[in-house]
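Protein chains: 2
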Amino acid sequence: MSARPSWFSIPRGSHFSLANIPFGIISTASSTTPRVAVAIGDHALDLAAFAAGNGFAALSTIHPHQAVFSQPSLNAFAALGRPLHSAVRSYIQAVFAADTPCPEALKTNSALQKQSLLPLTDVQCHLPFKIGDYTDFFVGLNHAYNCGLIFRGPANALQPNYKHLPVGYHGRASSVVVSGTPIRRPHGQILTNPSAENKVPTFSQCKKLDFELELGAFVCRANNRGEPVPIGKAEESLFGLVLLNDWSARDVQAWEYVPLGPFNAKNFGTTISPWVVLTDALEPFKVKAIENDAQVLPYLREKDEKSVYDIQLQVDLKTSAQSGNTSTITKTNGRHLLWSFPQMLTHHTITGCNLQPGDLLGSGTISGTSLSECGSLLEQSENGKTTVHISGGEERTFLQDGDEVTLTGVCGSDEEALVGFGQCTGKIEPALTLDF
Amino acid sequence: MSARPSWFSIPRGSHFSLANIPFGIISTASSTTPRVAVAIGDHALDLAAFAAGNGFAALSTIHPHQAVFSQPSLNAFAALGRPLHSAVRSYIQAVFAADTPCPEALKTNSALQKQSLLPLTDVQCHLPFKIGDYTDFFVGLNHAYNCGLIFRGPANALQPNYKHLPVGYHGRASSVVVSGTPIRRPHGQILTNPSAENKVPTFSQCKKLDFELELGAFVCRANNRGEPVPIGKAEESLFGLVLLNDWSARDVQAWEYVPLGPFNAKNFGTTISPWVVLTDALEPFKVKAIENDAQVLPYLREKDEKSVYDIQLQVDLKTSAQSGNTSTITKTNGRHLLWSFPQMLTHHTITGCNLQPGDLLGSGTISGTSLSECGSLLEQSENGKTTVHISGGEERTFLQDGDEVTLTGVCGSDEEALVGFGQCTGKIEPALTLDF
Ligand SMILES: [Ca+2]
Ligand SMILES: [Ca+2]
Ligand SMILES: [Mg+2]
Ligand SMILES: [Mg+2]
Ligand code: NI
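Which chain is which? The protein sequence lines are A and B, in order.
Note that our numbering gives residue 1626 to position 290 of the first sequence, counting from 1, and the numbers run on in steps of one.
Note that our numbering gives residue 1352 to position 16 of the second sequence, counting from 1, and the numbers run on in steps of one.
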């Protein structure tokens, strides 16, 4: 499929081609109220301004709902449901097409172009959703196996339930932040000598600070408490995807996580990319998930074999060295999941949990099978036993102060029709000095 | 201390004496907009109506903030901070005192009495807070030991971390409901034969549905992400307490919870009592927590030895039998905790997690040392091995359809000055018939 030409200048290689049209929340220095926008090439189209300037004249289905574009989050837009998300995306694609059927909407309306098309460099991105609840799954099978190996040994690396259900746990919604937000190195309880007979923890700065490369999915549809979402309906509840970095304090985690799971090790910050790529835009990139050799219960069986996405994922680490050493430390793919987001969503509701628009589901860390395909330093350094080489002769076991971690993700190879996520980035600040 | 006399008729034995003044959210048939109220005897004082009728004339500090009483949640009132909660509670106590210094506020104002004093039987209670995040701790030591015994045996009953940190996990905020909301029996994955070599789950109705008797605490103060709350400041962040029933599907839990903790087993519903008892009102009932024989790290050490509450707790089970058999199955006390709420709150923030007004912290199940003091059927029936006797010859291992569980909690013994929580109740509805 060749790229649809546009009258608007979209740079080759942009993640935000006409094939994408991701949604986010922006503000600018001259207009500080956060509102809805889409990204297109090097620009944001401010949908509040676009709607106010009558840009949606030719899309009557959105007319009763245009106030959603002036909201400070995507929650209200998402709650309109997938048919309307599709209609708005298709309409915007048509507005930007070289052969647009509605040139007066923007192509020939230079006043509205000036008001609504903002260079991304002038735009501040905000958290795209007000997140009610955040759940982190653990369905990257290779990561789960690698972690199990490190923490429990090969005999129990994968627990007996792993292939029967999408393992997940409730995360912390309040500390989900948007790309670019600094992350402070935490303090916590750490067991310095795990093999000692007498297990007494120390209070210390985290010495094993790590990232986790994940995908996040936003929910757009509420289900009633007590009423599970059938697998055949689960896609209707999924608005779109972002990149997600589940920052993790591995030394805190090792001491705290038995028996109730990770808590302080994960709740100090989770970073997501600002532009939410609609599930519609990802549809052409669907591929089969990792083959599950267990008998999957009927409520989790999908009709379509293709239910995860071929997303080229990458992690770059930039150190604080004067020379600004940057290395790509991970290359992997969104296909390395045992369960799809529809399966995670259905399982989440199977006992009756009610989801709400704006809820966030994390996939769990995504790793391929080789070390350089692993989505965390825990795996790449084998929990600190080996070092990861960075350009300029630097090396890492875990993150150092000043390190900046950037996740990127992109679908497709046609440089004029990429469907990308942009970046999800965060820099490590030194720990506070605590006087207690 | 003898009870302060009131000009208003407060029944002897009421949980809502003048010594209490708990806050909640109410509506009525004639005025369906939810708003703030306090409970006093058999009545609610509608604070939106009271404020509108100039009832707060003699409390100038609240004047700039009276709009908080017209909100549909306590979040805005809570965010005003503990000095203002204290001022409002003391003022309302003064308004109701026989020797009130401001009789014109209510005592001699029969028009405002009529507008603002509503019989509790005419009032619908709503969830008191919009809950951003809900965290469930596990600091009832006897419960933790009993569960550990059942699931892991005596050698690992308490994990090595248990006495060093308040163990907790993130819960599900969206499914927290107010007392009286029915709870539907869930379906889920269950391992019918846990001792089988080949562990293959079935999909089934929950057969081990249970309650958990807990206390919940609401947060009133935000801390910045990255900045832990010192233990000496933690009390300032605690608004007040409720009773909390953490409904639990034990068979689902046993299969799913390793390694990331409980998920579907807990996220289908958590019930709380509607009237939030201010920490101020509980102050006279402070007692020492369970002695911790471990060396507690400095960041968790409290100045005051007394940091938990002497709350007489009780669980009643009413069956669906025609005769309506009701038995008190648990009697225990809020003092059976290893860690206090200030310790839980400080630990929650130690790696930098940001709390927000309206966040809910659960204590974990509270159990004494004997079977009849245990706050769950899991413990009382030893995971189904023995039966719990109910009046009328009925018995239970776990909950049956139609069973109604009621938690009550009360401080003090002076029948004219009780500080009580009222009830936290929920009835089990039969499972849905699922066609998948
Ligand atoms: Ca994770
Ligand atoms: Ca619990
Ligand atoms: Mg996180
Ligand atoms: Mg619960
Ligand atoms: Ni007395």
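For glycine and all other residues, C-beta sits at the position ideal for the given N, C-alpha and C.
Values in this document were obtained by computation on a predicted structure and should not be read as measured data.
The Cβ-Cβ distance between Ser-1712 (chain B) and Asp-1472 (chain B) does not fall below 8 Å. Residues whose Cβ lies closer than 5 Å to any heavy atom of ligand 2, listed in chain order: B:Asp-1472, B:Glu-1548, B:Asp-1582.
Short note on Glu-1550 (chain B): C-beta not closer than 7 Å to any heavy atom of ligand 1. At a cut-off of 8 Å between beta carbons, Leu-1596 (chain A) contacts chain B. Residues of the stretch 1469-1498 of chain B with a Cβ closer than 7 Å to any Cβ of chain A, in chain order: Asp-1469, Phe-1474, Gln-1495, Pro-1496, Asn-1497. Residue state for Glu-1730 (chain A) is assigned as coil, using DSSP reduced to three classes. Residues Ala-1373, Ala-1375, Cys-1461, Pro-1464, Pro-1610, Trp-1611, Val-1612 of the same chain have their beta carbon placed closer than 7 Å to that of Gly-1360 (chain A), with the five preceding and five following residues left out of the count.
When Cβ-Cβ separations below 8 Å define contact, Asn-1529 (chain B) makes no contact with chain A. Between Leu-1501 (chain A) and chain B, the shortest Cβ-Cβ separation is below 8 Å. For Thr-1666 (chain A), the shortest C-beta to heavy atom distance toward ligand 1 is 7 Å or greater. In the three-state scheme derived from DSSP, where H, G and I count as helix and E and B as strand, Ile-1428 (chain A) is classed as helix. Spanning the alpha carbons of Gln-1541 (chain B) and Arg-1520 (chain B) requires a straight line of approximately 11 Å. Cβ-Cβ distances below 7 Å link Leu-1442 (chain A) to Gly-1391, Val-1431, Leu-1448, Gln-1449 in the same chain, with the five nearest sequence neighbours on each side left out; the list follows chain order. With respect to Gly-1597 (chain A), Ile-1686 (chain B) sits apart: the two C-beta atoms are not nearer than 8 Å. Counting the other CB atoms within 10 Å of its CB gives Val-1565 (chain A) a total of 16 or more, which places it among the buried residues.
Between His-1479 (chain A) and Ile-1764 (chain A) the beta-carbon gap is near 21 Å, outside 8 Å, which marks them as no contact. By DSSP's assignment, Cys-1542 (chain A) forms no beta bridge with any residue.
In terms of CA proximity to His-1351 (chain B), B:Ala-1380 leads the group B:Val-1513, B:Ala-1380, B:Gln-1679, B:Ser-1366.
At a cut-off of 8 Å between beta carbons, Gln-1541 (chain A) makes no contact with chain B. Asn-1581 (chain A) carries a strand assignment under DSSP once its states are collapsed to helix, strand and coil. The stretch 1703-1723 of chain B makes no contact with the stretch 1497-1505 of chain B, as fewer than three CB pairs between them are under 8 Å. Distance from the CA of Gly-1576 (chain B) to the CA of His-1421 (chain B), rounded to the nearest whole angstrom, comes to 10 Å.
Contact with chain A is absent for Lys-1639 (chain B), since none of that chain's Cβ atoms lies less than 8 Å from the residue's Cβ. Residue contact check for Cys-1556 (chain A) against chain B: no CB pair falls below 8 Å. Apart from sequence neighbours up to five positions away, the residues of its chain that approach His-1399 (chain B) with a beta-carbon distance below 8 Å are Phe-1392, ordered along the chain.
Under the 8 Å criterion on CB atoms, Gly-1738 (chain B) is classed as non-interfacial with respect to chain A. The Cβ-Cβ distance between Gly-1698 (chain B) and Asn-1356 (chain B) does not fall below 8 Å. For Thr-1615 (chain B), there is no enclosing beta strand (DSSP E); the residue is part of the alpha helix (DSSP H) that begins and ends at 1615-1618. The criterion of a C-beta distance shorter than 8 Å is not satisfied by Asn-1560 (chain A) and Asn-1411 (chain A).
The stretch 1740-1756 of chain B makes no contact with the stretch 1585-1603 of chain B; the number of CB pairs closer than 8 Å stays below 3.
Closer than 8 Å to the CB of Lys-1763 (chain B) there is not a single CB belonging to chain A. Excluding its 5 nearest sequence neighbours in each direction, Ala-1339 (chain A) has C-beta neighbours in its own chain below 8 Å: Ser-1353, Leu-1354, Ala-1355, Asp-1750, Glu-1752, Ala-1753, listed in chain order. Neighbourhood of Trp-1675 (chain B) in chain A, by CB distance below 9 Å: empty, with the nearest CB roughly 13 Å away.
Runs of the beta strand (DSSP E) lying entirely within the stretch 1351-1382 of chain B and spanning at least 3 residues, in chain order: 1359-1364, 1367-1376, 1379-1382. Between the alpha carbons of Asn-1581 (chain A) and Gly-1762 (chain A) lies a gap of roughly 9 Å. Taking Asp-1737 (chain B) as the centre and dropping the five residues before and after it, the same chain places the C-beta of Ile-1764, Pro-1766 closer than 6 Å to its C-beta, in chain order.
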